[in-house]
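Peer 1: Per my numbering, the very first residue in the sequence shown carries number 65; after that it's consecutive. Beta carbons are placed, not taken as given, at the ideal position from N, Cα and C, and that holds for glycine. My questions will all concern the structure given below.
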Amino acid sequence: MTVTLGPRELQAKLGTGETVIMLDVRTSAEYETRHIPGSVLVPLDALSDRCSELGDLPGTVVLVCESGMRSEEACQK
65 MTVTLGPREL
75 QAKLGTGETV
85 IMLDVRTSAE
95 YETRHIPGSV
105 LVPLDALSDR
115 CSELGDLPGT
125 VVLVCESGMR
135 SEEACQK
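Shown next, in the form of structure tokens:
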């Protein structure tokens, strides 16, 4: 299931105690400039190659980007 979350919805989800894995699909330069603490950088162009190492992640996976466009594209991979 795919759901779009804004900053407030993500903050609320993080406050529930549920396991949330945040994958930041932006570039490394964007990630270094600013990122959500606890998020893991997996640039969109490397996502397909890294899927096997990610395996079945426990909990809810949240894909993070600036506008939602790359997160949406990442959902398709």
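#1: How would you call L138, buried or exposed, if buried means at least 16 neighbouring beta carbons within 10 angstroms?
#2: Check the DSSP bridge columns for T124 and list the partner residues they point to.
#3: With distances taken between CB atoms, is the gap from V125 to I85 smaller than 8 Å?
#4: At what residue ranges does the region 65-110 contain a whole run of the alpha helix (DSSP H), taking only runs of 4 or more?
#5: Pull up the CB-CB distance for V106 and R114, whole angstroms please, since I reckon it's below 8 Å.
Peer 2: Looking at the coordinates:
#1: According to the sequence as given, residue 138 is Ala; it is not Leu. Buried, because 16 or more other Cβ atoms sit within 10 Å of the Cβ of A138.
#2: Answer is V84.
#3: Judged by beta-carbon spacing, I85 lies within the 8 Å limit of V125, meaning their Cβ atoms are closer than that value.
#4: The alpha helix (DSSP H) runs of length 4 or more contained entirely in the region 65-110 are, from start to end of the chain, 71-78, 92-97.
#5: At roughly 6 Å, the Cβ-Cβ gap stays under 8 Å, so V106 and R114 are in contact.
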